[in-house]
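**Q** Just passing along the structure, written as structure tokens.
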């Protein structure tokens with residue numbers, strides 16, 4: 039016992055020391071990073087059980103590479119170590135001593151051991167392939183081709199092993215609370231990702247713009263060279279959001295879960311990713327099927343099936359209306375449906391005379407709304423909004439007793455809302471929108487008459503069911519908007535066949551690079567991009583950058599930029615970039631020192647840009663002639679240093695709206711194939727004389743600098759999870775990962791833990807992730823790999839339900855009674 043406590047205290051001390059050391063070297067705010075370590079460690083020590091709430095919601099917030107320049111280490115690593123320090127210290131002090139175990143940690147380690155050993159082996163192979171960890175091989179600013187990149191991809195496995203005992207301890211202390219905390223943490227994570235995407239769309243395209251060639255990347259800097267970080271996290275977390283909505287026990291919790299889910303669905307649509315459009319519905323369908331199969335008496339299938347005609351009907355009406363009525367017409371349609379759903383039950387409680395009065399009132403309100411639409415400026419919108427507000431207020435006032443007066447008022451409001459559907463369509467789309475608008479209003483009117491006359495209810499009257507259906511209808515309308523509101527997604531779908539052939543050729547080429555023992559243990563973690571240098575194909579050779587220390591004709595550090603052999607369009611240029619913090623006052627001037635062996639084409643730009651898509655750029659392209667070499671050997675080969683001044687053409691970009699400010703980025707790249715240039719002492723100066731760049735002389739290494747390849751991504755990724763694992767870890771690694779995935783999926787879908795409240799969402803998340811993995815690598819992004827491994831470990835750790843004493847479920851866990 040004493041030895042175990044001492045070991046736990048040692049792990050806590052090591053985690054705290056490493057977290058503080060990394061925080062002290064943070065390029066932006068070391069003092070703030072150290073304070074965050076203290077807060078997270080203290081919070082976890084004081085309240086260890088909810089540790090996912092202190093850690094997982096940080097995932098969208100702690101990827102600051104495009105501000106710091108850190109690539110090998112990132113803020114998520116510091117956060118994990120801080121949480122581990124507090125949690126392990128609490129374990130050493132006796133957190134849950136004597137509590138019954140849910141599942142043995144030794145069994146989990148047996149399942150995870152092959153994966154751990156394979157990853158360690160591949161990390162060693164990758165480090166060796168990159169030159170080893172000898173003298174001078176370590177540094178804060180290594181990139182994807184250096185030895186530390188292999189250790190960078192090893193981190194998620196080690197971090198999950200560090201966190202897994204905390205999860206087991208939380209389950210032993212209170213299994214129900216542990217599951218509740220995990221679901222809430224994943225909801226908060228998903229909310230952070232979705233809010234980031236909403237900001238990105240507001241700032242750069244507008245929420246309803248589905249024609250622009252712009253795919254959201256959210257908070258995932260890892261997508262600066264492409265990839266599917268956003269896709270994978272949405273696929274992993276959306277099943278939990280759906281589960282939380284379905285099991286919410288109070289209106290407040292239901293409203294919060296619905297808010298998160300709506301934003302998340304918008305984020306999924308804004309990816310314009312065909313695989314997300316497949317993975318998310320498949321994951322939700324699997325969650326529903328497993329919940330219905332293993333959820334027992336608490337799951338009612340019939341009400342779920344009752345939603346299908348509504349979803350299909352509203353989808354048809356939306357497809358009919360949208361081309362001429364736009365989003366405003368869809369909003370009016372959804373508003374009328376929102377009033378119709380609860381009115382069905384109210385009408386059945388009325389006497390015959392009151393039903394006649396309700397019908398007459400609806401007709402009168404239609405006429406009044408039509409008059410307002412005709413005579414008041416923008417009256418269609420005014421009438422629709424007033425009708426919906428009046429109807430909602432009347433339904434709220436008539437709850438419980440279903441007062442006849444309130445029902446009559448709500449019926450009149452519904453009639454006005456039907457008129458509003460026609461009026462909004464006509465106002466927005468003109469005469470062409472009139473037939474669809476009239477048709478949609480007529481369909482809803484017929485449904486209303488049938489609901490009021492039929493003796494049996496045509497749809498469930500429970501508020502929960504109606505609210506969930508309305509959320510589904512909003513999602514359906516959004517999907518219609520994406521596919522009908524612009525040409526971009528249509529073009530992507532039309533090109534799916536050609537893209538598929540390109541992916542297959544890319545996978546075959548990746549596997550052709552494996553030889554001999556590579557098939558057994560792979561080429562090593564993180565060695566895919568570096569291996570492209572050995573290819574004889576021009577398309578595999580991209581640009582690159584390196585930090586050069588002082589020497590060889592330089593009295594300070596510098597950076598060497600090189601361009602690739604592939605076709606260089608504006609989006610394919612390899613860019614070295616830095617985010618700009620100050621407002622820009624044009625014109626802008628760049629001064630820098632340059633050295634190159636031959637004439638070089640420099641491309642410089644300052645743009646409004648989040649990660650991949652530049653807008654409103656001030657740019658300049660300049661051919662730089664080499665200067666005669668000096669006496670140093672290296673300098674004579676590369677020419678001599680020369681000072682260059684470039685004036686950017688065009689007005690600099692602005693920050694945009696205050697509520698969605700745009701990010702501004704400076705970039706420099708090479709516009710010709712096989713160019714090479716050394717750069718130093720970069721100074722970007724605006725009209726007010728302000729110097730806008732930080733660390734332009736590279737004396738702080740590559741702090742604040744990062745690179746991107748906006749539209750040329752294939753050489754950086756295997757673009758398939760199985761191919762990626764086979765390339766990096768060989769058959770041993772692929773087998774280990776398939777074993778862990780298979781065991782976790784079997785346990786949650788068919789095995790001993792299938793009836794655990796968390797099981798359906800976990801199984802759905804893992805399947806959805808594999809669907810995304812059909813077309814992308816996923817595990818070459820540490821934050822995504824950390825979340826994936828953590829959910830895999832949780833799935834393997836789920837205990838079989840104790841039938842003799844079922845724990846009371848909380849938000850996100852309970853299977854509510856069917857309506």
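In this note's numbering, the protein residues as written are 39 to 857.
Just so you know, even glycine gets a beta-carbon here, dropped at the ideal spot from N, CA and C.
This one's a predicted model, so the numbers in the text were calculated from it and none came from an experiment.
If I follow the unbroken beta strand (DSSP E) through residue 754, where does it start and stop?
**A** Residue 754 sits at position 716 when you count from the first residue of the chain shown. Looking at the DSSP string, residue 754 is not in any beta strand (DSSP E), and its letter there is neither H nor E.
**Q** Excluding the 5 residues flanking residue 322 on each side, which residues of the same chain have their C-beta closer than 8 Å to its C-beta?
**A** Here the question's residue 322 lines up with position 284 in the chain shown. For residue 322, where only same-chain residues beyond five positions count, the Cβ hits under 8 Å are 276, 277, 280 and 802.
**Q** What do you get for residue 697, buried or exposed, if any count of 16 or more other CB atoms within 10 angstroms of its CB means buried?
**A** One-based indexing of the chain shown puts residue 697 at position 659. Looking at its Cβ environment, which holds fewer than 16 other Cβ atoms inside 10 Å, residue 697 is exposed.
**Q** List the residues that DSSP assigns as beta-bridge partners of residue 745.
**A** In the chain shown, the residue the question calls residue 745 occupies position 707. DSSP output for residue 745 lists 614 as bridge partner(s).
**Q** According to DSSP, is residue 599 helix, strand or coil?
**A** Reading the chain shown from its first residue, position 561 is the one you call residue 599. Here residue 599 sits in strand by DSSP.
**Q** In the DSSP assignment, find the unbroken beta strand (DSSP E) run with residue 707 in it and report its ends.
**A** Start at 1 with the first residue of the chain shown, and residue 707 comes out as number 669. Unbroken beta strand (DSSP E) run through residue 707: 702 to 708.
**Q** Here's the rule: buried if 16 or more other CB atoms are within 10 angstroms of the residue's CB, otherwise exposed. What is residue 343?
**A** Locating residue 343 in the chain shown gives position 305, counting from the first residue. The residue in question, residue 343, is exposed, as its Cβ has fewer than 16 Cβ neighbours within 10 Å.
**Q** In the DSSP output, which residue or residues are listed as bridge partners for residue 639?
**A** If you number the chain shown from 1, residue 639 lands on position 601. Answer by DSSP bridge pairing, in chain order: 661.
**Q** Report the option in 87, 59 and 88 whose CA atom is closest to the CA atom of residue 74.
**A** Translated into the one-based positions of the chain shown, residue 74 becomes position 36. Comparing Cα positions, the closest option is 59.
**Q** Give the straight-line distance between the Cα atoms of residue 309 and residue 446, rounded to the nearest whole angstrom.
**A** As a first step, residue 309 must be located in the chain shown, where it is residue number 271. As a first step, residue 446 must be located in the chain shown, where it is residue number 408. Each residue's Cα considered, the two are about 44 Å apart.
**Q** Please name the residue or residues paired with residue 655 in a DSSP beta bridge.
**A** To locate residue 655, count along the chain shown from 1; it is residue 617. Its beta-bridge partners do not exist; DSSP assigns none.
**Q** Out of 760, 715 and 197, which one is the CA nearest neighbour of residue 633?
**A** Counted from its first residue, the chain shown places residue 633 at position 595. Cα-wise, what sits closest to residue 633 is 715.
**Q** Kindly list the residues whose CB is nearer than 6 Å to the CB of residue 219, restricted to its own chain and excluding five residues on each side of it in sequence; keep chain order.
**A** Taking the first residue of the chain shown as position 1, residue 219 is located at position 181. Only 88, 90 and 91 meet the Cβ criterion.
**Q** With a cut-off of 8 Å, do at least 3 Cβ pairs link the region 122 to 135 to the region 46 to 62?
**A** Three or more pairs of CB atoms, one per stretch, sit closer than 8 Å, so the region 122 to 135 contacts the region 46 to 62.
**Q** Can a CB atom of chain D be found closer than 7 Å to the CB of residue 206?
**A** Looking for chain D here will not work: only one protein chain is present.
**Q** Could you check the C-alpha separation between residue 261 and residue 363 for me, to the nearest Å?
**A** Within the chain shown, the letter at position 223 stands for residue 261. Within the chain shown, the letter at position 325 stands for residue 363. Residue 261 and residue 363 have their C-alpha atoms roughly 36 Å apart.
**Q** In whole angstroms, give me the CA-to-CA distance for residue 137 and residue 217.
**A** Reading the chain shown from its first residue, position 99 is the one you call residue 137. Reading the chain shown from its first residue, position 179 is the one you call residue 217. Its pLDDT being 49, under 50, residue 137 is placed unreliably by the model, and nothing is read from it.
**Q** One question on the structure: do residue 421 and residue 458 come within less than 7 Å of each other, judged by their Cβ atoms?
**A** As a working mapping, residue 421 is identified with position 383 in the chain shown. As a working mapping, residue 458 is identified with position 420 in the chain shown. Closer than 7 Å, so yes.
**Q** Starting from residue 190, trace the alpha helix (DSSP H) in both directions and tell me its first and last residue.
**A** Numbered from 1 along the chain shown, position 152 holds the residue referred to as residue 190. Unbroken alpha helix (DSSP H) run through residue 190: 186 to 211.
**Q** What are the uninterrupted segments assigned as alpha helix (DSSP H) that are 4 or more residues long and contained completely in the region 76 to 118, given in chain order?
**A** 89 to 93 and 103 to 106
**Q** Quick check on residue 555: buried or exposed, where buried means 16 or more other Cβ atoms within 10 Å of its Cβ?
**A** For the purposes of this step, residue 555 is identified with residue 517 of the chain shown, where counting begins at 1. It is exposed - the Cβ of residue 555 has fewer than 16 other Cβ atoms within 10 Å.
**Q** Starting from residue 389 and walking both ways along the alpha helix (DSSP H), at which residues does that stretch end?
**A** On the chain shown, residue 389 is found 351 positions in, with the first residue counted as 1. Here residue 389 belongs to no alpha helix (DSSP H), and DSSP marks it neither H nor E.
**Q** For residue 493, does the count of other Cβ atoms within 10 angstroms reach 16, so buried, or fall short, so exposed?
**A** The sequence position of residue 493 within the chain shown is 455, counting from 1. Its Cβ having fewer than 16 others within 10 Å, residue 493 is exposed.
**Q** Roughly how many angstroms separate the alpha carbons of residue 839 and residue 503, rounded to a whole number?
**A** As a position in the chain shown, residue 839 is number 801, starting the count at 1. As a position in the chain shown, residue 503 is number 465, starting the count at 1. Cα to Cα, residue 839 sits roughly 28 Å from residue 503.
**Q** What does the Cβ neighbour count give for residue 582, buried or exposed, with the cut at 16 atoms within 10 Å?
**A** Here residue 582 refers to the residue found at position 544 when the chain shown is read from its first residue. Residue 582 should be labelled buried.
**Q** Spatial neighbours of residue 758 within its chain, please: CB distance less than 6 Å, with the 5 preceding and 5 following residues excluded, ordered by chain position.
**A** Within the chain shown, numbered from 1, the residue matching residue 758 stands at position 720. So the qualifying residues of the chain are 545.
**Q** Going by beta carbon distance, what residues of the same chain come within less than 7 Å of residue 800, once the five residues before and after it are set aside?
**A** Mapped onto the chain shown, residue 800 falls at position 762. These residues qualify, in order along the chain: 786, 829, 832 and 833.
**Q** Go ahead and pull the three-state DSSP assignment for residue 680.
**A** In the chain shown, counting from the first residue as 1, residue 680 sits at position 642. Residue 680: strand per DSSP, three-state reduction.
**Q** Along the alpha helix (DSSP H) that carries residue 42, what are the first and last residues, could you check?
**A** Stepping through the chain shown from its first residue, residue 42 is reached at position 4. Residue 42 -> alpha helix (DSSP H) spans 40 to 62.
**Q** What three-state label does DSSP hand residue 533 in the structure shown?
**A** As a working note, residue 533 is residue 495 in the chain shown. The DSSP-derived three-state label of residue 533 is coil.
**Q** Just confirm the distance between the C-beta atoms of residue 49 and residue 126, as a whole number of angstroms; I'd bet it's less than 8 Å.
**A** For the purposes of this step, residue 49 is taken as residue 11 along the chain shown, with counting starting at 1. For the purposes of this step, residue 126 is taken as residue 88 along the chain shown, with counting starting at 1. Contact between residue 49 and residue 126 holds, with the beta-carbon distance rounding to 5 Å and staying under 8 Å.
**Q** Decide if residue 533 is buried, meaning its Cβ has at least 16 other Cβ atoms within 10 Å, or exposed.
**A** As a position in the chain shown, residue 533 is number 495, starting the count at 1. It counts as exposed.
**Q** Are the beta-carbon atoms of residue 298 and residue 228 separated by less than 7 Å?
**A** Here residue 298 refers to the residue found at position 260 of the chain shown. Here residue 228 refers to the residue found at position 190 of the chain shown. Yes, Cβ-Cβ distance for residue 298 and residue 228 is below 7 Å.
**Q** So, with DSSP's three-state summary, where would you put residue 723?
**A** As a working note, residue 723 is residue 685 in the chain shown. If DSSP states are grouped into helix, strand and coil, residue 723 belongs with the strands.
**Q** Out of 836, 827, 821 and 835, state which residue places its alpha-carbon closest to the alpha-carbon of residue 95.
**A** Indexing the chain shown from 1 puts residue 95 at position 57. Residue 821 is the option with its Cα nearest to residue 95.
**Q** Once the 5 residues before and after residue 6 are set aside, which same chain residues still bring their CB inside 7 Å of it?
**A** Outside the displayed span of the chain (39 to 857) sits residue 6, for which this structure offers no information.
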